[in-house]
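Residue numbers (the working numbering): 2 to 168.
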């Protein structure tokens, strides 16, 4: 039995090594918002209860939106805030910031372990973990959230964006 188990581990190790040589495609959606979607499609997924505020930073070609749970009829379970950016009318960045409860159940470290099993070893800069294929960048990191009373909390978040935005 020991030799059979050892052979199985060797086969799994060789398969994992072969997979390391091939880039793994990063999924291009977060919580039902897909890179390339139009604003209309995002509003279908999360019907607004009121207008979503948007802004464009000086010199920035992106239009940014931030949607709180209270601003939409439907909202993903465990997500407190969704941020996304559009360029030429299409989504090029999506970020989901998780609720306090989900942060306790699945802190950043657990998220990174799960993502590493799927996408391989991340690049790390401080407490931000990054995976990249040729088209898409995936980041997992803690985001500062202001809570009532002025305190600041750190919440895990996940973000995907078009690799071309780095240029």
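Heads up, the beta-carbon is just placed ideally off N, CA and C, and yes, glycines get one too.
Under three-state DSSP, which class holds residue i?
i	result
residue 47	coil
residue 73	strand
residue 110	helix
residue 118	helix
residue 62	coil
residue 32	coil
residue 86	strand
residue 104	helix
Using the rule of at least 16 other Cβ atoms within 10 Å of the residue's Cβ for burial, across every protein chain shown, is residue i buried or exposed?
i	result
residue 1	Look at the range of the chain in this structure, 2 to 168, and you will see that residue 1 is not part of it.
residue 128	exposed
residue 52	exposed
residue 110	exposed
residue 25	exposed
Going by C-alpha to C-alpha distance, which of the options sits closest to residue i?
i	options	result
residue 147	94, 81 and 115	81
residue 97	105, 27 and 156	156
residue 176	27, 153, 158 and 40	What the structure shows of the chain is the stretch from 2 to 168, and residue 176 is not part of that stretch, so it cannot be assessed.
residue 49	30, 61, 162 and 83	83
residue 47	154, 164 and 32	32
Would you call the region 111-126 and the region 66-76 touching, i.e. three or more CB-CB distances under 8 Å?
With the cut-off at 8 Å, the region 111-126 and the region 66-76 do not touch.
Between the region 72-92 and the region 130-141, are three or more C-beta pairs nearer than 8 Å?
no
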